[in-house]
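Asks: This is the structure I have questions about; it appears just below.
Protein chains: 2
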Amino acid sequence: MRVLIIGGAGMIGGRLIRQLEADTTLNGEPVDHVISFDVIETPATERLSLSSVTGDLSDPQQCQSLIAHRPDVIFHLAAIVSGEAEADFEKGYRINLDGTRHLLDAIVAAADYCPRVVFTSSIAVFGAPFPGAISDEFHTAPLTSYGTQKAIAELLLNDFSRRQLLDGVGIRLPTICVRPGKPNKAASGFFSNIIREPLAGEEAVLPVSEDVRHWHASPQSAVNFLTHAAGLKTDALGTRRNLTMPGLSVTVGEQIDALRRVAGDNVVARIRRVPDDAIAKMVAGWPRRFAPERALQLGFRGDDSFESIIRQHIECELGGVIR
Amino acid sequence: MRVLIIGGAGMIGGRLIRQLEADTTLNGEPVDHVISFDVIETPATERLSLSSVTGDLSDPQQCQSLIAHRPDVIFHLAAIVSGEAEADFEKGYRINLDGTRHLLDAIVAAADYCPRVVFTSSIAVFGAPFPGAISDEFHTAPLTSYGTQKAIAELLLNDFSRRQLLDGVGIRLPTICVRPGKPNKAASGFFSNIIREPLAGEEAVLPVSEDVRHWHASPQSAVNFLTHAAGLKTDALGTRRNLTMPGLSVTVGEQIDALRRVAGDNVVARIRRVPDDAIAKMVAGWPRRFAPERALQLGFRGDDSFESIIRQHIECELGGVIR
């Protein structure tokens with residue numbers, strides 16, 4: 211089986227590659243070769259045959275040359291993220307919309323070829339006001355250009371699949387928590403910062419109140435969603451190829467309680483409360499809870515508890531050690 | 211006030227131009243000049259200053275030159291229709307998606323310019339299965355490429371409006387009935403054919419059962435929606451710029467009963483029942499009833515009864531005479 215990962219040098223892409231390396235198979239089929247495409251080089255792997263290709267997704271010829279390898283499964287994870295797509299209108303549309311279109315068009319142009327395409331969408335396709343729990347039939351009314359671009363790509367994936375030009379599955383990822391790495395400027399960063407930084411012996415800033423509720427999935431769950439989507443029998447999806455993934459709906463207060471149970475009061479004491487009205491206002495427009503019934507019926511499984519999310523982070527990113 | 215009508219030579223465009231000619235104003239403001247753009251020439255008018263421009267919407271330069279006139283209101287009615295967009299994948303995406311994008315991009319590129327853009331979307335953005343009455347928050351899950359292209363254009367209109375690059379209102383038209391002209395090959399054609407043809411002394415074919423329910427608006431209502439949308443205070447729309455228009459939810463049997471009341475048994479006897487399973491299957495995926503609460507709150511008004519729709523057709527298209 212040949213696998214193409216668009217955005218393979220990113221956080222989720224890197225974890226997916228590590229998973230493929232550990233398993234050597236994808237849904238029972240041996241992985242012969244992985245092509246990882248990104249704007250930067252993808253690190254080499256020890257046990258996996260992997261080519262790193264760098265380039266620009268908004269170049270149609272680049273997309274054609276990636277598709278010329280006729281991968282059996284394509285994971286399309288690449289995106290200009292929310293904050294940057296909002297700050298740079300042209301770049302967001304060029305990469306997230308035009309780039310995705312070029313990729314899909316290159317697939318259409320290849321004769322006798324109908325690969326599985328797993329597309330990472332986002333809960334950013336939804337915008338407030340919301341009902342209590344957002345159903346699988348709630349409309350996509352995004353409040354950002356990033357969410358708009360993801361919603362458009364979902365529609366293309368769905369129509370191209372209906373026409374049997376490709377075999378797509380769109381998965382709307384919850385906010386990934388605990389996100390590894392350094393704190394970034396994303397408005398949603400604090401959801402991870404308040405766990406990751408205290409566990410590493412650092413102070414973290416909490417800009418919102420503890421009753422803020424949000425929808426989370428761990429990095430490992432995201433990888434599990436991707437591999438499950440790659441092997442899904444898509445006739446069960448019918449004409450609706452885009453699925454909201456299961457998440458955990460927890461408040462910031464519940465996140466902190468879980469941190470206390472796992473790591474103790476000393477670690478929790480490293481969270482500093484610095485209210486930020488601008489962030490609080492943005493967060494008020496974000497989804498809090500879903501009823502992702504279709505994904506559950508199709509066998510997608512999220513995290514059991516926020517404690518298990520924290521334990522996963524300690525094990526995978528901190529070598530089991532809390533500072 | 212300068213008005214640009216994209217698709218001005220079509221059925222709705224022609225009626226809109228006649229309305230502007232009759233009123234000489236749009237929402238109280240004098241109409242100084244109308245540019246009608248289409249693939250064919252727009253007929254000249256007697257009392258309205260009108261330029262007919264022909265060309266290809268998928269040409270970015272064409273869009274730029276139309277926008278160079280800096281119209282105050284733009285009605286974007288042009289589309290490759292459902293059947294053709296399904297038969298010709300490339301053409302549908304090129305005109306309905308790329309053409310719309312070029313138009314919006316040309317507006318964005320013009321400095322200090324934020325026109326009202328009224329976009330005719332369609333109930334084809336929705337696909338079965340449906341709840342009893344489709345709410346304003348039901349998801350857009352189209353079952354055709356046409357519906358997909360309309361749903362994508364809605365998302366662009368919404369995001370570009372949110373960013374104040376233009377001031378958009380998307381209106382999802384019901385099926386227009388009674389559609390004037392000759393019977394066409396559209397699968398939905400029979401909804402109009404069974405009224406129009408018998409009234410003109412011709413036989414019409416009914417391919418589905420009388421319990422088929424659908425969502426209709428008259429040509430005059432469509433024009434009323436357009437002019438109301440052109441004058442709407444868009445701050446009332448918030449971040450959701452696309453609205454399902456009010457329609458009449460009637461069964462084919464109710465359409466025929468109304469025809470009998472207006473025109474008598476002799477006219478109804480011209481309807482011939484020729485069941486067509488292929489059409490019946492398509493129609494089963496179409497919406498039947500909406501709860502268009504937002505549009506009603508914003509002052510959009512549809513038709514009172516199917517009888518009044520039939521009377522409008524007799525008056526406007528048949529000079530008051532039933533054959």
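Chains V and H, in that order, give the protein sequences. For the first sequence, our numbering puts the final residue at 533, and the numbers step up evenly by one. For the second sequence, our numbering puts the final residue at 533, and the numbers step up evenly by one. Built from N, CA and C at the ideal position, the CB exists for glycine as well.
1. Are any of the Cβ atoms in chain H nearer than 7 Å to that of V:Arg326?
2. Name the chain V residues that come within less than 8 Å of H:His426, Cβ to Cβ?
3. Is the closest heavy atom of the ligand SAH to the C-beta of H:Arg470 under 6 Å?
4. DSSP state of V:His424, grouped into three classes?
5. Output yes if chain V places a C-beta closer than 7 Å to the C-beta of H:Leu353; else output no.
6. Run through the stretch 243-293 of chain H for me and flag every whole alpha helix (DSSP H) of 4 or more residues, listed as ranges in chain order.
7. Starting from the N-terminal side, write out each stretch of the alpha helix (DSSP H) that is 4 residues or longer and does not extend beyond the stretch 366-416 of chain V.
8. Whole angstroms is fine: what's the gap from V:Leu214's alpha carbon to V:Ser331's?
9. Would you mind sorting H:Lys392 into buried or exposed? The rule is 16 or more other CB atoms within 10 Å of its CB.
10. Name the chain V residues that come within less than 8 Å of H:Glu413, Cβ to Cβ?
11. Just reading off the alpha helix (DSSP H) that V:Thr350 is part of, what are its end residues?
12. Kindly list the residues whose CB is nearer than 7 Å to the CB of V:Ser268, restricted to its own chain and excluding five residues on each side of it in sequence; keep chain order.
13. According to DSSP, is H:Val531 helix, strand or coil?
14. Just to confirm before moving on: does the CB-CB distance between H:Glu347 and V:His349 stay below 7 Å?
15. By the 7 Å beta-carbon criterion, what residues does the stretch 323-350 of chain V contribute toward chain H?
16. By alpha-carbon positions, which one of H:Val263, H:Gly357, H:Ala396 ends up nearest to V:Arg372?
17. Is H:Arg450 close to chain V? Criterion is C-beta to C-beta, closer than 7 Å.
18. Assign H:Asp377 to buried or exposed, taking buried as 16 or more other Cβ atoms, counted over all protein chains shown, within 10 Å of its Cβ.
19. By the DSSP assignment, the beta strand (DSSP E) with H:Ser431 in it spans what residues?
20. Taking only runs that begin and end inside the stretch 300-337 of chain V, name each unbroken alpha helix (DSSP H) of 4 or more residues, in chain order.
21. Our contact map puts V:Leu508 next to V:Leu453 with C-beta atoms below 8 Å; I'd like the distance itself, whole angstroms only.
22. Would V:Glu413 pass as a contact of V:Arg482 if the rule is Cβ separation under 7 Å?
23. Could you give the residue range of the alpha helix (DSSP H) that holds V:Val476?
24. Report, in whole angstroms, the separation of the C-beta atoms of H:Leu258 and H:Val241, which I expect to be a contact under 8 Å.
25. List, in chain order, every chain V residue whose beta-carbon is nearer than 7 Å to that of H:Arg504.
26. Are V:Ser345 and V:Ala446 touching if we call contact CB-CB under 7 Å?
27. State the CB to CB distance for the pair V:Asp248 and V:Ala219, rounded to an integer number of angstroms; the pair is presumed to be in contact (CB under 8 Å).
28. If you draw a straight line from the C-alpha of H:Met455 to the C-alpha of H:Gly411, how long is it?
29. Compare the C-alpha of H:Leu236 against each of H:Ser275, H:Gln271, H:Ser355, H:Phe285 and name the closest.
30. Just checking my contact of V:Leu469 with V:Pro408 at CB under 8 Å: how many whole Å lie between their CB atoms?
31. Quick one: give me the first and last residue of the beta strand (DSSP E) that H:Ile215 is part of.
32. Tell me the residue span of the alpha helix (DSSP H) that contains H:Val493.
33. Use the C-beta contact count for V:Gly530: other C-beta atoms within 10 angstroms, 16 or more gives buried, fewer gives exposed.
34. Would you report the Cα separation of V:Phe336 and V:Glu231, rounded to the nearest angstrom?
35. Nearest CA to the CA of H:Arg326: which residue from H:Gly463, H:His438, H:Phe340?
36. What separation, rounded to the nearest whole angstrom, lies between the Cα atoms of V:Leu353 and V:Arg406?
Replies: Walking through what the data contain:
1. no
2. Near H:His426 there are no residues of chain V at all, since even the closest Cβ is about 23 Å away, more than 8 Å.
3. Within the structure as shown, the ligand SAH is missing, as the structure has no ligands at all.
4. strand
5. yes
6. 270-277
7. 400-409
8. 17 Å
9. exposed
10. The contacting residues do not exist; H:Glu413 stays about 36 Å from chain V at best.
11. Note, V:Thr350: premise wrong, no alpha helix (DSSP H); not H, not E.
12. Arg304, Ile305, Asp308, Gly309, His312
13. coil
14. yes
15. Gly337, Glu347, Phe348, His349, Thr350
16. H:Gly357
17. yes
18. buried
19. It is not in any beta strand (DSSP E) - H:Ser431 instead sits in the alpha helix (DSSP H) that spans 429-441.
20. 310-319
21. 7 Å
22. yes
23. The sequence shown places Asn at residue 476 of chain V, not Val. Here the alpha helix (DSSP H) through V:Asn476 covers 475-478.
24. 7 Å
25. Per Cβ cutoff of 7 Å: no residues; H:Arg504 is ~12 Å from chain V at best.
26. no
27. 4 Å
28. 32 Å
29. H:Phe285
30. 7 Å
31. 212-216
32. 487-494
33. exposed
34. 34 Å
35. H:His438
36. 28 Å
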